[in-house]
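Residue numbers (this note's numbering), protein chains in the order written: chain W, 1207 to 1325; chain E, 55 to 445.
This is the structure in structure tokens:
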């Protein structure tokens, strides 16, 4: 999955240990920590940009701190936040089905009907 | 947090890369201090009391903890951060490969060629070549095409992120602490030849030269990538030491020719068989009155079962397969078997020299220290452990 040049490896040889009940959970932990790392880097870049804007007198600290979105923008932001929550948490609490059970259902649906033609 | 290393071979990434390195370092600090402490507390308060038999070994603690959520999260995060250490170091190094190659060549050209002796015919031993030690991609001997120093640069930059500022500003606190301890405790001992086994990039080798400037100091390692980089690194700091590509199990030095045989964090990378050979070799090359000294992790029999488990974690999950078998050894017997006399054995525990002023350090080493949970462990209250023998 590397995007770097072919002679350059970032990956460790060998199998990774699976600490959780499923390897997928281990993979999610890796994705989570990488996302956290990216979030931290982005946070710091925003802070850096804010500081530069203030230092270069493009904007004052007070203006940054006092800045407020207007009502329409706030409404839109709130809507966007709810959508973000819906996206992020969509799997939590959703009804689930084991893949064996799902396969059995699909297999059953594809079996020719014993009561004659389905068409 | 990792501060930039104090030499010109240090590669600083861009703002995003640097922040990611700080994140990894900070996360390691959190895991090794806060989360490790929480796991220990939980073990003592919640897990141990439920066991039918109180664990007496690190393995038994490991077995009891393995199914707990805290262990799983701690281990998963430790493993992932270890990968992230190397990944976050590698990208800036890869981007700066051409510049760093030129710099290494330029710095190396200023030194004597004889100070770097490579042996292209040396077989890289399996303990280095068969696995990516510490999960570092490509291990110590990694070479990326013309960047035949990459393994060294990766180790130097990775260790800086890994150690979250706890190993000295040039990662030399172990060497400085050990050498200063010997210089202060044995003021009449004046070595003229010092050998550092498995020196990697010579970060601790330099420390011996700084403490004993009159001595001829040599670092050996099997990985030429580390030696090439280490040679330039030492020259850049104005430290005059030799680097030779050599296996510590077959030292190319005459009998009774060396005054100090030192190593740091090296023995635990070797099989017990090789450790025995290394110690016998040390005994052979030492002059009478010379000192063998290994900075290492403490033996398992000196620690509580939980602390033994805690250090053994790396054997199972950090590609350091000999970590535990080394620490399971009887350190006294190892030295006696190598030919050293019981009355000449030495053990020491020292605080971190580069984090104290001179007077404070002298005072601290006058107080005899025992093992505790922080001996050899990167966490608050860290102390270094060393053991060896006079010949």
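For every residue, glycine included, the Cβ atom is placed at its ideal position computed from N, Cα and C.
Over what stretch of residues does the alpha helix (DSSP H) that includes residue i continue unbroken?
| i | result |
| --- | --- |
| residue 146 of chain E | 123-149 |
| residue 204 of chain E | 204-216 |
| residue 1291 of chain W | 1277-1294 |
| residue 385 of chain E | 385-391 |
| residue 398 of chain E | Where residue 398 of chain E is concerned, there is no enclosing alpha helix (DSSP H), given that its DSSP letter is neither H nor E. |
| residue 224 of chain E | First-last for residue 224 of chain E: undefined, no H or E at that position. |
| residue 97 of chain E | Taken as a continuous stretch (DSSP letters only), residue 97 of chain E belongs to no alpha helix (DSSP H), as it is neither H nor E. |
| residue 116 of chain E | 112-119 |
| residue 265 of chain E | 257-265 |
Would you identify the three-state DSSP class for residue i, choosing helix, strand or coil?
| i | result |
| --- | --- |
| residue 296 of chain E | strand |
| residue 1241 of chain W | helix |
| residue 432 of chain E | coil |
| residue 67 of chain E | coil |
| residue 72 of chain E | helix |
| residue 196 of chain E | coil |
| residue 1324 of chain W | Note that residue 1324 of chain W scores 46 on pLDDT, short of 50, meaning its location in the model is unreliable; the coordinates nonetheless yield the value given after this. Reduced to three states, the DSSP call for residue 1324 of chain W is coil. |
| residue 82 of chain E | helix |
| residue 404 of chain E | strand |
| residue 1301 of chain W | coil |
| residue 1317 of chain W | coil |
| residue 284 of chain E | helix |
| residue 232 of chain E | helix |
| residue 1222 of chain W | coil |
| residue 369 of chain E | helix |
| residue 374 of chain E | coil |
| residue 357 of chain E | coil |
| residue 170 of chain E | strand |
| residue 310 of chain E | coil |
| residue 1312 of chain W | helix |
| residue 1207 of chain W | Its pLDDT being 44, under 50, residue 1207 of chain W is placed unreliably in this model, and the value from its coordinates should be taken loosely. Looking at residue 1207 of chain W - three-state DSSP - the assignment turns out to be coil, as it is neither helix nor strand. |
| residue 1228 of chain W | coil |
Out of the options, point me to the one whose CA is closest to residue i's CA.
| i | options | result |
| --- | --- | --- |
| residue 36 of chain E | E:334, E:356, E:287 | Shown here, chain E extends from 55 to 445; a query on residue 36 of chain E therefore has no answer. |
| residue 1269 of chain W | W:1259, W:1302, W:1309 | W:1259 |
| residue 232 of chain E | E:433, E:80, E:347 | E:347 |
| residue 63 of chain E | E:76, E:159, E:55 | E:159 |
| residue 290 of chain E | E:57, E:254, E:61 | E:61 |
| residue 1220 of chain W | E:185, E:155, E:71 | E:185 |
| residue 78 of chain E | W:1215, W:1247, W:1228 | W:1247 |
| residue 97 of chain E | E:413, E:359, E:399 | E:359 |
| residue 283 of chain E | E:400, E:391, E:161, E:175 | E:161 |
| residue 490 of chain E | E:370, E:250, E:419 | Absent from the structure is residue 490 of chain E, since the part of chain E shown begins at 55 and ends at 445. |
| residue 389 of chain E | E:442, E:322, E:132 | E:442 |
For the beta strand (DSSP E) containing residue i, name the first residue and the last one.
| i | result |
| --- | --- |
| residue 439 of chain E | 438-444 |
| residue 347 of chain E | 340-350 |
List the residues that DSSP assigns as beta-bridge partners of residue i.
| i | result |
| --- | --- |
| residue 243 of chain E | In DSSP, residue 243 of chain E forms no bridge with anything. |
| residue 1264 of chain W | Looking at the DSSP assignment, residue 1264 of chain W forms no beta bridge with any residue, so it has no partner. |
| residue 250 of chain E | E:273, E:316 |
| residue 201 of chain E | E:198 |
What residues in the region 111-122 of chain E have a beta carbon less than 8 Å from any beta carbon of chain W? Within the region 111-122 of chain E, no residue qualifies.
Going along the region 59-74 of chain E in order, which residues come within less than 7 Å of chain W, judged by CB to CB distance? Listed by position, the residues of the region 59-74 of chain E near chain W (Cβ gap below 7 Å) are 69, 70, 73, 74.
Residues from the region 182-204 of chain E in contact with chain W, defined by Cβ distance under 8 Å: Answer in chain order: 185, 186, 189, 190, 191, 192, 198, 199.
Mind checking the region 1212-1233 of chain W against chain E and listing, in chain order, the residues whose C-beta falls within less than 8 Å of any C-beta there? From the region 1212-1233 of chain W, only 1213, 1214, 1215, 1216, 1217, 1218, 1219, 1220, 1222, 1223, 1225, 1226, 1232 have a Cβ closer than 8 Å to chain E.
Select from the region 76-94 of chain E all residues with a C-beta closer than 9 Å to any C-beta belonging to chain W, and list them in chain order. The region 76-94 of chain E vs chain W, Cβ under 9 Å: 76, 77, 78, 80, 81.
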